[in-house]
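Just below is one structure, and these are the notes that go with it.
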Amino acid sequence: MNYNQLDKQLIWHPFTHLKYQKENILITKAKGVYLYTNDGRKIIDGIGSWWVNVHGHSHPYIVKRLKEQLSQMEHCIFSGFTHIPAIELAQKLSKIVPVKQPKVFYSDNGSTSVEVAIKMALQYFFNLNQKNKAKVIAFRNAYHGDTFGGMSVAERNVFNLPFKKNLFQTYFIDIPTEKNFHKVKQQLLKHLAKQNVAAFIYEPIIQGAAGMIMYDAKFLDELIAICQQHQVICIADEVFTGFGKTGKLFASDYLKHKPDIMCLSKGLTGGFLPLGVTVANKRIYDAFVQDDKTKTFFHGHSFTANPLMCTSALANIELIEKSDFLEKIRQLEKSHREFAMSIKNHPVVKDVRYKGLVLALEIQTKDKTHYLNELSKEIETFFIQKNILLRPLGNVLYLVPPVCITQKQLSYIYTTIKEFLVKLSTKSFS
Ligand SMILES: Cc1ncc(COP(=O)(O)O)c(C=O)c1O
45 MNYNQLDKQL IWHPFTHLKY QKENILITKA KGVYLYTNDG RKIIDGIGSW
95 WVNVHGHSHP YIVKRLKEQL SQMEHCIFSG FTHIPAIELA QKLSKIVPVK
145 QPKVFYSDNG STSVEVAIKM ALQYFFNLNQ KNKAKVIAFR NAYHGDTFGG
195 MSVAERNVFN LPFKKNLFQT YFIDIPTEKN FHKVKQQLLK HLAKQNVAAF
245 IYEPIIQGAA GMIMYDAKFL DELIAICQQH QVICIADEVF TGFGKTGKLF
295 ASDYLKHKPD IMCLSKGLTG GFLPLGVTVA NKRIYDAFVQ DDKTKTFFHG
345 HSFTANPLMC TSALANIELI EKSDFLEKIR QLEKSHREFA MSIKNHPVVK
395 DVRYKGLVLA LEIQTKDKTH YLNELSKEIE TFFIQKNILL RPLGNVLYLV
445 PPVCITQKQL SYIYTTIKEF LVKLSTKSFS
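Mind the numbering: the sequence shown is residues 45 to 474 in our numbering, read in order.
Dropping the structure here:
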């Protein structure tokens with residue numbers, strides 16, 4: 045059977061420029077840091093398969109736990125019923141998440157975890173009969189998923205252009221830096237003065253999809269403090285940053301001021317299965333405990349708290365707890381730092397930044413667009429020929445490898461990046 049032909053004939057792939065799509069690479073096995081193709085190649089997964097993978101593919105401990113769970117129960121309804129994997133995961137999460145007196149709400153991906161968070165924040169004020177509080181503040185460049193709520197609180201850009209008229213209005217403020225912090229505070233205060241803000245949503249420390257934009261925790265801390273003084277609900281979208289990406293278990297661990305609601309997905313299950321979690325503090329939960337039935341949170345998905353997903357998340361967290369997980373990430377960050385120093389003055393490097401598992405390299409181009417930058421295909425093709433999966437964000441080439449990556453594998457990627465930079469500086473790209 046020609047699977048590639050069938051793939052082309054039958055499947056609509058995500059985030060794919062259909063007219064010029066090349067043959068998709070057929071993967072038949074994944075183990076550790078490698079993806080294995082049907083024609084015998086092994087490709088280093090430099091981006092943890094869209095930032096989900098944590099300990100490496102097919103980790104035997106998670107596989108074992110899933111097999112055990114599968115022989116017990118595959119799924120059951122989660123309204124009026126409950127099960128042990130969901131309870132144990134909530135217990136585990138409540139000990140590690142930086143949310144006070146947490147209540148765990150399950151959904152099934154990053155976008156839905158954000159959707160749930162926004163709806164909880166808006167309905168919190170509805171339930172308290174403060175119905176004018178219905179606006180959200182977000183950062184410029186933000187990305188919070190592909191559902192309408194997630195798109196509405198994100199930067200208006202190519203990802204949501206066709207739906208611009210259907211998105212709800214959001215107040216945007218700039219990402220804070222040393223230079224503009226006073227201005228950003230004024231922007232925030234101006235919006236808060238309107239007295240209609242329900243929530244502030246942010247990707248703490250790193251804005252992933254925007255191009256791995258990094259910013260200082262101390263500024264965010266101050267913005268959260270101001271919002272909380274104004275009774276605005278602070279939502280940390282840690283769908284990307286959760287589970288070690290920034291060097292701490294959660295990016296919010298860098299902050300003094302903790303979120304009222306937190307969104308988790310991607311690395312939550314170690315990258316095995318889709319699961320979304322929205323953790324809300326007790327104050328928010330309590331606003332939904334009412335006699336009036338119309339104050340119910342009418343939100344749920346068919347596969348809410350699927351036991352396999354919950355087991356996968358439990359096994360992932362157990363692995364984190366029993367390994368030197370954060371120490372390994374510190375070592376990887378050290379390698380990223382040394383590499384960054386070695387290339388920062390290269391003529392085609394506009395900026396190089398790193399934090400935890402993430403290394404990002406912004407390349408100088410004549411094309412000023414970001415995500416649709418011409419260089420993107422060039423980067424992807426070059427690295428895949430060298431058996432490295434790097435899916436750039438426009439002219440930003442980045443690495444977010446699984447923690448099991450070895451120094452040797454990392455060195456191979458660094459050397460290949462240097463080769464690419466040489467190629468770029470000797471060839472003129474548009
Ligand atoms: C910060 C953030 N929020 C939400 C999402 C959406 O997650 P999902 O792709 O699982 O829907 C993403 C995905 O990249 C993300 O980076």
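Every residue gets a Cβ at the ideal spot worked out from N, C-alpha and C, and that includes glycine.
Give a yes or no on whether the C-beta atoms belonging to residue 354 and residue 130 are separated by under 9 Å. yes
Does residue 179 come out as helix, strand or coil in the three-state DSSP assignment? strand
Less than 9 Å separating the beta-carbons of residue 183 and residue 218? In contact: residue 183 and residue 218 (Cβ atoms closer than 9 Å).
Under a three-way DSSP split, which group does residue 101 fall into? strand
Pick out the complete beta strand (DSSP E) segments inside the region 388-437, 3 residues or longer, and give them in chain order. 393-399 and 402-407
Classify residue 296 as helix, strand or coil using the three-state DSSP reduction. helix
Going by other Cβ atoms of all chains shown within 10 Å of its Cβ, with 16 needed for buried, is residue 51 buried or exposed? Under this definition residue 51 is an exposed residue.
Close beta carbons around residue 263, own chain, < 6 Å, minus the five adjacent residues each side: 220 and 225
Integer Cβ distance of residue 440 from residue 255, believed to fall under 8 Å: 4 Å
Three-state secondary structure (DSSP) of residue 146: Strand.
Return the first residue and the last residue of the alpha helix (DSSP H) that residue 5 is part of. The question about residue 5 has no answer, for the chain in this structure spans 45 to 474.
Nearest-angstrom Cα distance between residue 432 and residue 241? 45 Å
Let me know the secondary structure DSSP gives residue 187 once reduced to three states. Three-state result, residue 187: coil.
Outcome for residue 391 when other beta-carbon atoms lying within 10 angstroms are tallied against a minimum of 16: exposed
Rounded to the nearest angstrom, what separates residue 163 and residue 333 at their Cα positions? 16 Å
In whole angstroms, what is the alpha-carbon distance linking residue 456 and residue 328? 48 Å
Taking only the alpha-carbon atoms, compute the straight-line gap between residue 381 and residue 398 and give it to the nearest angstrom. 7 Å
What residues are listed by DSSP as bridge partners for residue 151? In the DSSP output, where bridge partners are listed per residue, residue 151 has 320.
Quick check: the region 312-319 against the region 246-261, are there 3 or more CB pairs under 8 Å? no
Closest by C-alpha distance to residue 234, when choosing among 181, 45, 393 and 359: 181
Within the region 193-219, ranges of the beta strand (DSSP E) (whole runs, at least 3 residues): 215-217
Just to check, is the beta-carbon of residue 255 closer than 8 Å to a non-hydrogen atom of ligand 1? no
Mind the definition here: the region 125-144 touches the region 344-361 only if three or more C-beta pairs lie below 8 Å; say whether that holds. yes
Three-pair Cβ contact test at 8 Å for the region 358-369 versus the region 97-104: Judged by Cβ distances under 8 Å, the region 358-369 makes contact with the region 97-104, as three or more pairs qualify.
May I have the straight-line CA-CA distance separating residue 85 from residue 453, to the nearest angstrom? The straight-line gap from Cα to Cα measures roughly 15 Å.
Count the other CB atoms within 10 Å of the CB of residue 157; is the residue buried (16 or more) or exposed (fewer)? buried
Closer than 7 Å by C-beta to residue 231: which residues in its own chain qualify, once you throw out the five before and the five after it? Chain order, please. 217 and 218
Cα-Cα, which of 403, 287, 330 and 203 is closest to residue 414? 203
So does the region 293-313 actually touch the region 262-282, counting three or more Cβ pairs closer than 8 Å? yes
Flag this pair as yes or no: are the beta carbons of residue 478 and residue 400 separated by less than 9 Å? In the structure as shown, the chain starts at 45 and stops at 474, and residue 478 therefore has no counterpart that could be examined.
For the putative contact between residue 445 and residue 90, defined by C-beta atoms under 8 Å, what is the C-beta separation to the nearest angstrom? The distance from the Cβ of residue 445 to that of residue 90 is about 6 Å, consistent with a contact at the 8 Å cut-off.
Boundaries (first-last residue) of the alpha helix (DSSP H) holding residue 307: Segment 305-308 is the beta strand (DSSP E) holding residue 307; no alpha helix (DSSP H) there.
So which of 448, 458, 437 and 416 has the shortest CA-CA distance to residue 430? 458
Nearest-angstrom Cα separation, counted from residue 68 out to residue 286: Those two C-alpha atoms are separated by around 29 Å.
DSSP three-state label for residue 78, please. strand
DSSP beta-bridge partners for residue 281? 307
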